[in-house]
Amino acid sequence: TKCVHLPPEVTATSRHYVDRLFDPDPQKVLQGVIDMKNAVIGNNKQKANLIVLGAVPRLLYLLQQGSSSSELRAECAVVLGSLAMGTENNIKSLVDCHIIPALLQGRLSLSACLRCLRTVFISPVTPVQLLYTDPTVIPHLMSLLSRSQRTQEYITQIFSHCCKTPEHQTVLFNHGAIQNIAPLLISPSYKVRMQALKCFSVLAYENTQVSMTLVNVLVDEELLSQVFVRMMQRDQPIDMQLTAAKCLTYMCRAGAIRTDDSCIVLKTLPCLVRMCSKERLLEERVEGAETLAYLMEPDVELQRIASVTDHLVAMLADYFKYPSSVSAITDIKRLDHDLKHAHELRQAAFKLYASLGSNDEDIRKKITETENMMDRIVSGLSESSVKVRLAAVRCLHSLSRSVQQLRTSFHDHAVWKPLMKLLQNAPDEVLVMASSTLCNLLLEFSPSKEPILESGVIELLCSLTQSDSPALRVNGIWALMNMAFQADQKVKGEIVRALGTEQLFRLLSDPDSNVLMKTLGLLRNLLSTRPHIDQVMSSHGKQIMQAVTLILEGEHSIEVKEQTLCILANIADGNTAKELIMTNDDILQKIKYYMAHSNVKLQLAATFCISNLIWNEEDGSQERQDKLRELGFVDILHKLTQASDPNLCDRAKTAMQQYLA
Amino acid sequence: MAELGAGSLLLGDPAFNYQEAELNERLKRLYPAVNEDETPLPRSWSPKDKYSYIGLSQNNLRVHYKGHGKNHKDAASVRATHPIPAACGIYYFEVKIVSKGLDFLSSLLPLSPIPGWDKHSYGYHGDDGHSFCSSGTGQPYGPTFTTGDVIGCCVNLINNTCFYTKNGISLGVAFTDLPPNLYPTVGLQTPGEIVDANFGQQPFVFDIEDYMSEWRAKIHGMIARFPIGERLGEWQAVLQNMVSTYLVHHGYCATATAFARATETLIQEDQTSIKNRQRIQKLVLAGRVGEAIEATQQLYPGLLEHNPNLLFMLKCRQFVEMVNGTDSEVRCFSIRSPKSQDSYPGSPSLSPRHGATNPNLHSAGADSPTCSNGVTPPNKNKSHNKYPGVSSASSSSSSSPSSVNYSESNSTDSTKSQPHSGTSNQEETRLGENDSEMEIEAEHYTNGVAENPSARIMNGTYKHQEILQAQDISLEDSCASRQLCGGNQAATERMIQFGRELQGLNEQLCREYGKNVTHKKMLQDAFSLLAYSDPWNCPVGQQLDPMQRENICSALNSAILESQNLPKQPPLMLALGQATECVQLMARVRSGSCSFARVDNFLH
């Protein structure tokens, strides 16, 4: 406990208030509570004094005491509510005195009790879990919803504030939150409507069950989505428009409303774009942009519509102009406000740009052509705020899907430099995005590939492949795969050296199939031109053949097996490497097996492998042809010339020709 | 011109007329402030203001290109029949691209003040998505558009900007600082291009009403937050004076006195004068015009002699009321207890009506049994049973039908009914809430009771009476027992005699002042009532509606006030008229915000 020093005269008057709570005459106690109520209103010092002097436990006692008159109980609740309106420390003290169970156990119908409870619960210092510890609390609160507009307002506010996790959503849902709260959306009280709406937005967020239920709910014979649409009308208060748009966004993302539904295309999306306009408050602009980004993330058509709505792309450029130069000089208060929101605005704009540009090439072009866009991203990558860095790299990632941008703006602004810096030391979520972006920058046509290689990126990527996070492992190996594509011998050698065979083979048995696929891809890229094949196979042939055997024998997807057979085909293309297959009867049997497989892709890859082995113009082709004939491959090839798949048929015919020549 | 012919052939088509009606209705809803007599709205493309390469069809709504389309010189445009009136506030039209032509689309959606291609026109190109202003080069603006797209153009005459829409999505502001008097225009350049216009014939793809609602809210907010600053006290005095003079004008004597007391202001007219006027008004509104004339002649000698037109109007009305069976000249013959008639009087509170916007408009309408001052039926019955004292009290006083002490007896009623209403205050307020005009009354009433329970509180009684009146009338309706002159033979004879006198008066007036068409019409209408077996359900039956008493009542009231050298119109009504006139003036000087600053919106 803290040591509190109070001036003696203050203590004396405050103590007097507390003492009167212990008077044996109930009438005097009541008067004492009323006087206390008048003394604490708007007086934070007095509130702190009374708390220190132990008024809270006594007030709670009086509140719970069966012998207290209802008037006294109501006044106690009012004083407690008033104390809760003070500083965060006040709330902490109240929570420490177990005010929540006391208020919950007490006769909650008192709207003063609920009001106090509301004030306590919406404070950031109160753990929301307290609402869920006693399983009788939520049903009790639900049953009080019909009492009055006040109780409706307080209870829905408590719910919307304390619903933070999917578990909370489920608890509230199972207690009939939707049926109980839906009628409040048409309450005559704006506050009630607003709190009910907020409840639905937190309940529906990323929750399919809630969202699917919501679409079928009728309020006064009107579908809920239509009620939300009405709440988005332009003459409604902004807060209501924004929250209604959130509800519809969450329902849409949960799959309960189609993305081409007119209530999304013609109502929700335009409403959210309006929230991004300069006329709105900074907070509203942040929320609007984030919600819009979330709404259209998976849908290219919505992205296209948003990109032409009300000059959105240009409108977002304004998000980077805070604090504005004007505010710095004229108004300190405004500067403070601007500074507080500057980071939030920037990250929201980056998020929205990322979402806008995630699919459509024209939109990406439009974004990069926005004033100073690339410079903004570059400086965003090195901002102190992690949130901004993450959003900036997301935006960069989204734009990096464009071949044209990789070739032009990305190279012109040397975005790889801050990106590499970001990769040195960042939280995992930033690393995932940054490394994924790096993968695109390492594509062979990217002019940034060279300078990145020279910056010693290989070690860094190899260390990513050892990460615990599958996403990071995939990105690491993916980047290496891209790097090895058509690379020269030196780079390939470096990759193999830096990664180490042990790590390479560990990745080949990675539980994540994406990692496996990319590792096979890397192998395939390493084994590409003939001299490279022979060189790699001469040093690592044994392990590679082992790994290939294992994969072909194991339970893997068609794609994985196809990729593995392609690796074999590459090996079969080497001069000396061929022998590793020819001398391995086990592998030959497996190839035979896959030539007769039901999947055409696998048949093709296996046939390709055999075709490489029997190719005429190479040394020793006669012996190989003979051996394979003995093993019965000619018969299979003959059969495949009759295959219904034209590609397979051609491939088999080409192979057969090698025998005829 | 063949297409134009086809267009006019369709005029007789019932489907077309239906569409026309729908168009009118939609335009009225979208642009309520536009006076189409002064500034007609665009409804179709103009067959006069178009290039020869342009063909029109389908009631001049479809445009097709019939030129060569080889280069920009072959571009052609057509504009709408009328420019966009400023009183629209926000104007919107759409164009659907039916066919984009043979090679590339070059449709424009410009606005032009003169039918020209280059000068002062504004547009949005479909082929490159650029916007262009005057003859300048295009600026990147929006997406391209093609066959099947619906392109809209919205002109905001409040801030003089314009934006386009594509398939219901706003593309953002395209132009600012637009000049006035723009015409919707469309331009085409490629053979085969066809576009259809929608000036309101169809519902729009873009939700323009939602956009308008935002601006309406903005402008209402501006009005509501208009800064008064230092002049707060000054404004208060003006407002108090306005309220006070209004109450006095309509004879709300007790309310006016209480208001003056509360606000410490003075009333110009003396109490007796107000009460006299009030009494006369009450008589007129009760349909007892004969007594009203008598009382006027007695209290204001010479007034009617100097206003022969007014007298004639009153007499005509008296005749109508005789048919109705309400005038005392025929009522005295009636078998029906005249007592019940006493509880009829429409209170002066009926008189001030502010046009069609008043929600109480129907409250006085006897024809409509469903409306009764916004009182719900169960409530009606309840209050009916609750105040039996009112009708019984008035029946005792009605033994002297044309008593000059009419108002006195009435005030006895009010005092009698007071304890009732005092105890049922809650109901009072609820009724008051339903009837906004009565709200002031109800409020005052409770005040009056609290301050001086023994005072004669007229306003309180009006309320009861009005409720009762509505009931009585609806009861009467349900019985369907309305008969000429109350069904009395002697009364009918008296009426016919009165009709002759009236005819004589008209002839006399004709001799003295020359022929008067209005008088003739009035007389004709009144006499026509006798031609029908059921005058209440005949083409001229409207005259029997008690609501018709209001005009003559206020004319008489104004005349009395004028004779006393008092303003014949209360300043409040004057201010209201001035505000309405101002808004109309705003439209004429092209201030678009007038469309959302309607005076009606502020009269509740």
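Chains A and B, in that order, give the protein sequences. By the count of full-length UniProt numbering, the first sequence reaches residue 661 at its end, each step adding exactly one. By the count of full-length UniProt numbering, the second sequence reaches residue 604 at its end, each step adding exactly one. Yeah, the Cβ is synthetic: ideal placement off N, Cα and C, and Gly gets one too.
Can you name the residues of chain A whose CB is closer than 8 Å to the CB of Leu-171(B)?
Val-308, Thr-309, Asp-310, His-311
What would DSSP say about Ala-80(B), mapped onto helix, strand or coil?
strand
What does Asp-235(A) touch in chain B if you count any residue whose Cβ is under 7 Å from its own?
Ser-213, Glu-214, Arg-216, Ala-217
Glu-222(A) in three-state terms, based on DSSP
strand
In chain order, each beta strand (DSSP E) run of at least 3 residues that lies wholly inside the stretch 544-582 of chain A
none
Tell me the residue span of the alpha helix (DSSP H) that contains Val-34(B).
Element bounds for Val-34(B): n/a, residue is neither H nor E.
My understanding is that Asn-616(A) touches Gln-658(A), with C-beta atoms under 8 Å, so please give their C-beta distance in whole angstroms.
In this structure Asn-616(A) touches Gln-658(A) by the C-beta definition: roughly 5 Å separates them, less than 8 Å.
May I ask which residues mark the beginning and end of the beta strand (DSSP E) holding Trp-45(B)?
Trp-45(B) -> beta strand (DSSP E) spans 45-50.
Short Cβ contact (7 Å threshold) for Ala-74(A) with Ala-112(A):
Yes, the Cβ-Cβ distance between Ala-74(A) and Ala-112(A) is below 7 Å.
Residues from the stretch 247-274 of chain A in contact with chain B, defined by Cβ distance under 7 Å
Leu-266, Pro-270
In three-state DSSP terms, what is Cys-153(B)?
strand
Do the CB positions of Ala-434(A) and Val-388(A) come within less than 7 Å of each other?
In this structure, the beta-carbon distance from Ala-434(A) to Val-388(A) does not fall below 7 Å.
State the DSSP-derived secondary structure class of Gly-365(B), mapped to helix, strand or coil.
For Gly-365(B), the pLDDT reaches just 35, beneath the cut-off of 50, and the residue's location in the model is therefore unreliable, leaving the point undetermined.
Beta-carbon separation of Ala-244(A) and Val-215(A) under 7 Å?
no
Cutoff 8 Å; reference Met-582(A); Cβ partners in own chain excluding five residues on either side
Excluding residues up to 5 positions away in sequence, Leu-588, Leu-613, Arg-624, Lys-627 lie with their Cβ nearer than 8 Å to the Cβ of Met-582(A) in the same chain.
For Gln-201(B), three-class secondary structure by DSSP
coil
Which residues in chain B sit within 7 Å of Ile-305(A), going by Cβ to Cβ distance?
Ile-169
If we call anything under 7 Å between Cβ atoms a contact, is Gln-303(A) one with Leu-242(A)?
no
Cβ-based neighbour list, Cys-247(A), same chain, cut-off 7 Å, excluding 5 preceding and 5 following:
Leu-197, Phe-200, Ser-201, Ala-204, Phe-228
Using alpha carbons as the reference points, say which of Asp-196(B), Ile-208(B), Gly-148(B) lies closest to Tyr-164(B).
Ile-208(B)
At 7 Å on the CB atoms, spell out the chain A contacts of Asp-327(B), in chain order.
Chain A residues near Asp-327(B): none, gap ~47 Å exceeds 7 Å.
Answer yes or no: does any C-beta atom of chain A fall closer than 7 Å to that of Asp-210(B)?
yes
Hey, how far is the Cα of Leu-117(A) from the Cα of Pro-237(A)?
27 Å
Leaving out five residues on either side along the sequence, give the residues of the same chain with a beta carbon under 6 Å from the beta carbon of Ser-593(B).
The residues are Ile-158, Ile-219.
Fully enclosed by the UniProt repeat "ARM" (499-541) of chain A, which alpha helix (DSSP H) runs are 4 residues long or longer?
501-508, 513-526
Please classify Ala-75(B): does DSSP put it in a helix, a strand, or coil?
coil
List the endpoints of the continuous alpha helix (DSSP H) containing Ala-655(A).
646-660
Pro-143(B): contacting residues in chain A (beta-carbon distance under 7 Å):
Val-308
Compute the beta-carbon to beta-carbon distance between Phe-199(B) and Phe-319(B), rounded to the nearest angstrom, for a pair I have assumed lies under 8 Å.
That pair is no contact at about 49 Å.
In chain A, what lies closer than 8 Å to Lys-166(B) by C-beta?
Val-308
Going by the CB atoms, is the gap between Glu-494(A) and Ile-458(A) shorter than 7 Å?
yes
From Val-33(A), Thr-437(A), Ile-122(A), Ala-577(A), pick the residue whose C-alpha is nearest to that of Leu-80(A); which is it?
Val-33(A)
By the criterion of Cβ-Cβ separation under 9 Å, what are the contact partners of Asp-177(B) in chain A?
Correct list: empty, because the minimum Cβ distance to chain A is about 18 Å.
Once DSSP output is grouped into helix, strand and coil, what is the label at Cys-439(A)?
helix
Excluding sequence positions up to five away, which residues of its chain have a Cβ less than 8 Å from the Cβ of Ala-77(A)?
Leu-63, Leu-103, Gly-106, Leu-110, Ala-112, Cys-113, Arg-115, Cys-116
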